[in-house]
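First the structure, in the form of structure tokens, and then the observations on it.
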Amino acid sequence: MKRIYASIVREHLKRHQQMIFLVGPRQAGKTTLSLMMKKEFPGEFVYLNWDNLDHRKIILGGVSSVANMSGLDKLTSQPPTIVFDEIHKYGKWKTFLKGFFDTYKGKARIIVTGSSRLDVYKKGGDSLMGRYFSCRLHQLSLAELGRVELSEKEISEPFMSRPRDFEKLLANGGFPEPFIKNDHRFLNKWRVLRQEQLIKEDLRDLSRVQELGQIELLAEILKHQAGQLTNYSNLAGKINVSSDTIRRWIKTLQSFFYCFTIQPWFNNIPRALIKEPKTYLWDWNNVNEAGGRAENFIASHLLKAVHYWTDLGFGQYALWFLRDKEKREVDFLVSRDNRPWFLVEVKTSSKSEINKNLAYFQEKTKAQHAFQVVFDMEYVPKDCFKQTKPIIVPAQTFLTQLL
1140 MKRIYASIVR
1150 EHLKRHQQMI
1160 FLVGPRQAGK
1170 TTLSLMMKKE
1180 FPGEFVYLNW
1190 DNLDHRKIIL
1200 GGVSSVANMS
1210 GLDKLTSQPP
1220 TIVFDEIHKY
1230 GKWKTFLKGF
1240 FDTYKGKARI
1250 IVTGSSRLDV
1260 YKKGGDSLMG
1270 RYFSCRLHQL
1280 SLAELGRVEL
1290 SEKEISEPFM
1300 SRPRDFEKLL
1310 ANGGFPEPFI
1320 KNDHRFLNKW
1330 RVLRQEQLIK
1340 EDLRDLSRVQ
1350 ELGQIELLAE
1360 ILKHQAGQLT
1370 NYSNLAGKIN
1380 VSSDTIRRWI
1390 KTLQSFFYCF
1400 TIQPWFNNIP
1410 RALIKEPKTY
1420 LWDWNNVNEA
1430 GGRAENFIAS
1440 HLLKAVHYWT
1450 DLGFGQYALW
1460 FLRDKEKREV
1470 DFLVSRDNRP
1480 WFLVEVKTSS
1490 KSEINKNLAY
1500 FQEKTKAQHA
1510 FQVVFDMEYV
1520 PKDCFKQTKP
1530 IIVPAQTFLT
1540 QLL
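So the sequence shown is numbered by my numbering: it starts at 1140 and just counts up by one.
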């Protein structure tokens, strides 16, 4: 399956000396994507996976050991492409990569991929600063299923997706294997296995969380509260821990790409809500209620878009929601360079009247566009982003204009 991220990695390796870090959830296709680069570049291709004992010995042999097997000590016409997979499990991985990059800068194309711990370790005192760029890899989206070429602008022209792609994506989630198989029984088994890997492997082995049973309960509760305000006190009462512990555990689940939170936008909003975030799941397939899944589906597509636009250097983008103390609310606000760009309200049915809060918050924020995205409308071959007043649009049109 072709991915737009292959184009991102290929262009990065052609144009930049820095390492590229592929970060994202388990089974989103990071390893597959890195192996695809073997066909993209001439020269030696070296793949080293920390979980492979033979590969581990080479890495533990130090910078010179990897350089020797990569041909870096020989005169060659093309630099080698080197993939370090799961290297974050090595306690000294940052020191190793720093030494390797500083020694062979410009002489090798370097891809680092693995679990989200690559993202977790990007905290203060990061010795790799300036030596890498991140590419946040998401699961499949409606636009990516029909378009994998890089665009020179944020918003693309809409296109009609292939028959049933929209329904398959909503039902199976965007992870490549269950999407391609499109088999309900396989999906059920796959979800159980992925949850076990998250709790029993990632959290146990790569975090300091000891209360795995309680954090698993928290993960289960969050499935039923996707898209709702995250009340830390209520969650603490249900699990019998402190509010601070809940905050810490949700951050841990975020770091392993189980869920993500979005904050309320409050600039220029009278009596705006400013504290409680909303939480969504990376795998919208885990949300059973139709309305909640639809909202999570759109949230995931918007998050993928803002990460993509930011990672490609178009600007700084972020995803927010709007709510004030009078309980006026709009599901999402997308900002561009810290300014409101467009608003999104999600509805399953086109029979719903347009949410009057779109007009209210558009006037307050001065956002350029305000969309009510609905799921039961057929594709319309019109550019949603040419509309400047609140308007109802089909999800199957709107989503193909993103990523």
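Ideal Cβ positions, reconstructed from N, Cα and C, are used throughout, including at glycine.
Predicted model only: the values in this text are computed from it and were never measured.
Cβ contact annotation for MET1516 (same chain, cutoff 6 angstroms, sequence separation greater than five): SER1489 and PRO1533, in chain order. With fewer than 16 other Cβ atoms inside 10 Å of its own Cβ, LEU1351 counts as exposed.
In this chain, the alpha helix (DSSP H) harbouring THR1171 covers 1169 to 1175. By the neighbour-count definition (other C-beta atoms within 10 Å, threshold 16), GLY1245 is an exposed residue. Cβ-Cβ distances below 6 angstroms link LEU1161 to LYS1169, THR1252, CYS1274 and LEU1276 in the same chain, with the five nearest sequence neighbours on each side left out; the list follows chain order.
Around GLY1431, the same chain offers ALA1365 and GLY1366 as residues with beta carbons nearer than 7 angstroms, after the five sequence neighbours per side are excluded. In this structure LEU1472 does not touch ALA1498 by the C-beta definition: roughly 14 angstroms separates them, more than the 8 angstroms allowed. Within the segment 1181 to 1246, the runs of alpha helix (DSSP H) that reach at least 4 residues and sit entirely inside it are, in chain order, 1192 to 1199, 1202 to 1209 and 1232 to 1243. Here the C-alpha atom of HIS1227 lies approximately 10 angstroms from the C-alpha atom of PHE1235. Excluding residues up to 5 positions away in sequence, LEU1542 lie with their Cβ nearer than 7 angstroms to the Cβ of TYR1447 in the same chain. For ASP1450, the enclosing alpha helix (DSSP H) covers residues 1429 to 1450. Non-local C-beta neighbours of ARG1462 in its own chain, meaning closer than 7 angstroms and more than five positions away in sequence, comprise PRO1403, LEU1412 and GLU1468, ordered along the chain. Around the beta-carbon of GLY1200, fewer than 16 other beta-carbon atoms lie within 10 Å, marking it exposed.
Under the three-pair Cβ rule at 8 angstroms, the segment 1412 to 1426 counts as touching the segment 1305 to 1320. In terms of Cα proximity to CYS1398, the closest of PHE1405, SER1381, GLN1526 and PHE1436 is PHE1436. Beta-bridge annotation (DSSP): LEU1472 is paired with TRP1459 and LEU1482. Taking 8 angstroms as the cut-off, the Cβ atoms of VAL1185 and VAL1148 do not count as close. Going by C-alpha positions, LYS1292 is about 10 angstroms away from LEU1451.
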